[in-house]
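Novice: What follows is a single structure, and I will ask about it in a moment.
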Amino acid sequence: MATPAAVSRHRWRRHGTSYLMLLPFLALFAGFLVWPLANSLYLSFTKFDGVTAPEFAGLENFRRLLFDDDRFRHALGNTFLYVVASVGIGTLLSLGLALAFGGSGWPHRVMRTVFFLPSVTSSIALMLLWKWIFNPGDFGLANTVVGWFGGRAVEWLATPGLTIPILVLMSVWGGMGYGMVLYVAGLGSIPQEYYEAARIDGATPWQQFRRVTLPLLRPVTTYVVVTGLIGAFQVFEAVYIVFRGTNNIGGVLDSGLMIVPYLYDQGFTHFKLGYASAIAWVLFLIIFAISMVNLRIGRALKEL
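This is the structure in structure tokens:
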């Protein structure tokens, strides 16, 4: 019977090279992910301005954030409204585009490429483009089109009621091509025998879509929704580039204030780095909880 030392030597001879090859990755993983996360968690329990030493404050940052910070609650409400609208509309349009342009012919390929291009374009460039489109001056594209129909110029970026719709429009336009590609792949993986059997049973096109296509696309839908939620909760560039004012990162009356821009404002404008870390961990818990709920719902629907 082999001794533990002999087993250990045999294991090292067999897997030692693999362990050594993993060391660079593990070092980078620990240095650039594990350590920053652990340090951020520690700072969330402190008062820290980036200059003086952190001062331990216990749960004070979280208590203040959840019960005393009206601006955070406003950012949270804006973020939830934006997430529901952008993810819901984006998912529906992604599926619609996949159904419309899911064929193998070159016209469908061209249209898929056109709709997918915004997903692989620099987000900074896209936000600058949208800022030009909604520029309140006469040279903004939106006001130019309004002028063609005899309308007056609109202060698109200074009207609080238009802020969330504009943000949703930018998000849906930039992301629906990515969801479309995933849905096209999902549609291509559905065996045609299912549709043939449904047609033999007398199912209409709508019944085939409802009873065959949608159930078999549930894994794709779950992935699109969960990744869309994670991305939407972390929206930053659109608010920072398009709506940021001189003294207010959330635009007029904080109408565009979201959680991540508020985190940035607290951490890098007011230098409340401990408070900003607490915001980051609350955001992480929100995203984690909602993602788990979506995955559980997806599993439950799969079992039906």
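According to my numbering, the sequence shown is numbered sequentially starting from 5.
Built from N, CA and C at the ideal position, the CB exists for glycine as well.
1) Using 8 angstroms as the cut-off, can you tell me whether the segment 241 to 256 makes contact with the segment 117 to 135, which would need three or more C-beta pairs spanning the two stretches below that distance?
2) By a C-beta neighbour count over all protein chains shown, 10 Å radius and 16 as the cutoff for buried, is T273 buried or exposed?
3) Return the chain-ordered list of same chain residues with a C-beta closer than 6 angstroms to the C-beta of A202, the five sequence neighbours on each side being excluded.
4) Buried or exposed for Y23, going by 16 or more other Cβ atoms inside 10 Å?
5) Decide if the segment 105 to 120 is in contact with the segment 159 to 168; the criterion is three or more beta carbon pairs, one per stretch, under 8 angstroms apart.
6) My guess is that A236 and S90 are in contact by the Cβ rule of under 8 angstroms, so how many angstroms apart are they, rounded?
7) Can you tell me the Cα-Cα spacing of I294 and S127, whole angstroms?
8) Less than 9 angstroms separating the beta-carbons of G94 and M25?
9) For L70, tell me which candidate among E59, G35, I263, N147 has the shortest Cα-Cα distance.
10) Helix or strand or just coil, what does DSSP make of K135?
11) If you draw a straight line from the C-alpha of L85 to the C-alpha of I168, how long is it?
12) Please give me, in chain order, every unbroken run of the alpha helix (DSSP H) with length at least 4 that falls completely inside the segment 85 to 168.
Specialist: Looking at the atomic coordinates:
1) yes
2) For this step, residue 273 is matched to residue 269 along the sequence shown. Classification for T273: exposed.
3) Here residue 202 refers to the residue found at position 198 of the sequence shown. Closer than 6 angstroms at the Cβ level, and outside the excluded window around A202, lie Q212, V216.
4) One-based indexing of the sequence shown puts residue 23 at position 19. Per the 10 Å Cβ criterion, exposed.
5) no
6) Here residue 236 is taken as the residue at index 232 of the sequence shown, counted from 1. Here residue 90 is taken as the residue at index 86 of the sequence shown, counted from 1. That belief holds up - the Cβ atoms of A236 and S90 are roughly 5 angstroms apart, short of 8 angstroms.
7) Counting from 1 along the sequence shown, the entry for residue 294 is found at position 290. Counting from 1 along the sequence shown, the entry for residue 127 is found at position 123. Each residue's alpha carbon lies about 25 angstroms from the other.
8) Here residue 94 refers to the residue found at position 90 of the sequence shown. Here residue 25 refers to the residue found at position 21 of the sequence shown. Not a contact, by the Cβ cut-off of 9 angstroms.
9) Looking up residue 70 in the sequence shown gives position 66. Comparing Cα-Cα distances from L70 to each of E59, G35, I263, N147, the minimum goes to I263.
10) Working through the sequence shown from its first residue, we reach residue 135 at position 131. Of the three classes helix, strand and coil, the one that applies to K135 here is helix, per DSSP.
11) On the sequence shown, position 81 is the one that residue 85 refers to. On the sequence shown, position 164 is the one that residue 168 refers to. Looking at the two C-alpha atoms, the distance is approximately 8 angstroms.
12) 110 to 120, 127 to 137, 145 to 152
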